[in-house]
Amino acid sequence: MPNIDKVFVAREQYTADGFNGFVYRVFFHGNGVYGDVNQLTYTYNQCTVFQTQVNNILTAVSAPDTRVVISMTDPGGFNVGNKFVKAATATAAQLAEDLDQLPVFGDVLVSQSLVDEQGGYIWTVVFKDSEGDLPQFICAVDSFATGTGCETDTLTDGNALSGSFIIEASASIPFNADAATMKAALEAMSWVGTVQVQQSAPSPQYGYTWTITFLDYRGDMPTLLVTSSLVGTGSQITVREVRKGNALGGTFMLAYLKSVTAPIEWDAHATAADSNSDGSSLQEKLEALDVVGQVNVQRSANPDQEGGYVWLVTFLDNVLNSGDLPLLQGNASTLSGEATVVDVQAGITNFRKEVVVFSCQATVGNVGFTYGGVTKEITFNAALSDVEALLSVVLFGVEAESISVTTNSAQTLLCVAANAKDIKIVFNRVYGDIQLGVAQGTTITSDATITPNTAASIDGVYYDNPALVMSGTFQVGYQGQYTRPLNAESTADQLRYGLEILDTIETISVTREQSYRALPGKIDVTEGEIFVTCSSGETCKFDSASYGLPGYTIRIDGDWYTIRTDLTSPGLDNTRLYLGDLNGREIGYLRSTDTYVTVYEWTK
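For the sequence shown, position 242 matches number 1127 in the numbering used here, and the numbering has no gaps at all.
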């Protein structure tokens, strides 16, 4: 506004009388506005109304009883409502009370001299809170008080910094250098490497604090040396170490059950392939233990700021290391560095097959399998292949081989009269935590005894993150007119209805297909093959569901497929990505053999 030069605005929440609004306090403190200020007025223009979804259309709803109320707290100037109005009769306390109302000053001390021969006074104002070099006061005189005058002067300037300083052998750095300038000055010295710099807000004397993090420097850095060319009373620059630098070294050991590995280097390779099978990789150290079968190991691509790594260990042996396994135990006593530690955590996976293990001893009757409130029974001495068919086709309604029923012994029947062996049910292509019940049949003569093997059983995991589903609204326009906001999941007809309402469109045809985006990691494909593989030099991580969970749709060279599991891995295969049609059934690759092909995921 051209008639106002400077204001200070403070805001606080207003919840009285059930309203949810704000109180704005406006202070006029510029040279252009002093004296008795008129009360502000406002003109009401229609605000943007609240909106919500109605029949898939973002629709406005009214917000009743909205209002703006303006009141005058202090008129300022020579208005009789002020405390300090008549200098001839006012007191220092009154002037202090008026000044204390202004948030730009903070707390002040005011003293008053003895009256002079003309009835005038000298008022001295000391700023307790507002430190630094403040702007000069201005003094206005009532135009009706003829022959009077008012002057202001500064007795003592507030302290303020200026000048520059040097860090080690850097170029001269201004006292108020921003974070980017400080970063550039430090990184210009070759030994520093990359740094991260954060700058604080200025102090009242225009001093700053810079927090510097050395991202490349390994180990504990000595305290930085500074040379000050700062100007200002009591000016100084100090360096304080917030956190010591650290660098790992040495070896550590891992224990599983009662077996302990040989010493492992702090930066050991993940797999035998990475270490050229020289025995130093974490995979080789673990597999050397009698109690550990085959494992898959992945190591973080880069070390952390202290040189530490993260290894992800997956136990692949379903016989030697089946079920819910105990944690590995770490020994960091031979690692070098400050506060070194080997931390072991239970793994988190996006997908894992359900495995149910039990034994059955019986001589007569049936055994019942229950899922989702439905029970199907089969004779106690049924062949394992018949049990597999019952579960796959009858109880779960899935294709053959989706569920396997096996045993590691010579036992070929579901139940036997004595020395019953474990039966293992693996849900290869039925996903999630499957709550399968196995119990004695309902026939009167049934005598089956079911003994679950909870240690060997594995709960299935299928982590379908709902946050990955697209949501929100969008608009489509034609010749300057736009539809109302439409839901992100609108059908083709809903978009058509929204467009045909526009004056610029009479009729229109709309089709909808899946959107997609490229995934990192290219693949090699072979015409007719039921799986694809990762291209040389690419990172694919099939087993970590980097291309999606089983059942997810992916697009390869213009065709859509679903992801399937194999029949042997505990989760997704590490080296192969198996393909299915849009119904999830096995299918070979439809296009010509090729290498380094991009895979696309449905953006949902």
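Even glycine gets a Cβ: it sits at the ideal position worked out from N, Cα and C.
Because the structure is a prediction, the values reported are computed rather than measured.
- Short of 7 Å from the beta carbon of Cys-1300, and not among the five residues preceding or following it, lie these beta carbons of its own chain, in chain order: Cys-1245, Gln-1246, Ala-1247, Val-1252, Phe-1265, Asn-1266, Ala-1333.
- A check of alpha carbon separations from Asn-923 across Asn-888, Leu-943, Gln-936 identifies Asn-888 as the nearest.
- For Asp-1479, the uninterrupted beta strand (DSSP E) run begins and ends at 1479-1482, by DSSP.
- Excluding its 5 nearest sequence neighbours in each direction, His-914 has C-beta neighbours in its own chain below 8 Å: Lys-891, Val-892, Phe-893, Leu-987, Val-989, listed in chain order.
- At the C-beta level, Gly-1117 and Ala-1045 come within 8 Å of one another.
- Around Leu-1276, the same chain offers Ile-1288 as residues with beta carbons nearer than 6 Å, after the five sequence neighbours per side are excluded.
- With a cutoff of 8 Å on beta-carbon distance, Phe-1281 and Tyr-1256 are scored as near each other.
- Secondary structure of Gly-1383 (DSSP, three-state): helix.
- Counting of Cβ neighbours within 10 angstroms places Gln-1168 among the buried residues, the total reaching 16 or more.
- By the criterion of a C-beta distance shorter than 7 Å, Ala-1377 is surrounded in its chain by Val-1395, Thr-1396, Arg-1397, once the five residues flanking it on both sides are discounted.
- Between Leu-1387 and Thr-1368, the gap from beta carbon to beta carbon is short of 8 Å.
- Taking the Cα of Pro-960 as reference, the smallest distance to any Cα among Asp-983, Thr-1041, Val-1180, Tyr-1093 is reached at Asp-983.
- For the pair Val-995 and Asp-985, the Cα-to-Cα distance works out to about 11 Å.
- Under the DSSP assignment, Leu-1115 falls in the beta strand (DSSP E) whose first and last residues are 1111-1116.
- Residue state for Met-1138 is assigned as strand, using DSSP reduced to three classes.
- Here Ser-1088 carries a coil assignment [DSSP, helix/strand/coil].
- For Phe-935, the number of other beta carbons within 10 angstroms of its own is below 16, and it is reported as exposed.
- Here DSSP, grouped into helix, strand and coil, assigns Lys-1170 to helix.
- Ranking Leu-1115, Leu-1109, Pro-1370 by CA distance to the CA of Glu-1126 puts Leu-1109 first.
- Per the C-alpha coordinates, the member of Met-1355, Thr-1411, Thr-1480 positioned closest to Gln-1399 is Met-1355.
- Counted as a single uninterrupted DSSP element, the alpha helix (DSSP H) harbouring Ser-1270 occupies residues 1269-1274.
- Cβ neighbours of Gly-1193 within its own chain (closer than 6 Å, five residues either side excluded): Leu-1133.
- Put simply, the backbone Cα of Thr-928 is about 18 Å away from that of Val-908.
- When the Cα atoms are used, Leu-1464 and Met-1074 turn out to be separated by approximately 54 Å.
- DSSP, reduced to helix, strand and coil, places Leu-984 within a helical segment of the structure shown.
- Val-1242 sits away from Asn-1304, with the two beta carbons spaced by 8 Å or more.
- Contact between Val-1290 and Ile-1319 is ruled out by a C-beta separation of about 14 Å, above the 8 Å threshold.
- Judged by DSSP in its simplified three-state form, Glu-1036 adopts coil rather than helix or strand.
- For Thr-1108, there is no enclosing beta strand (DSSP E), since its DSSP letter is neither H nor E.
- Pro-1020 and Val-1000 have their C-alpha atoms spaced approximately 27 Å apart.
- Per the DSSP secondary-structure output, Gly-1362 pairs in a beta bridge with Tyr-1367.
- Between Ala-1064 and Val-1082, the gap from beta carbon to beta carbon is short of 8 Å.
- Take the alpha-carbon of Tyr-1006 and the one of Thr-933: they are about 55 Å apart.
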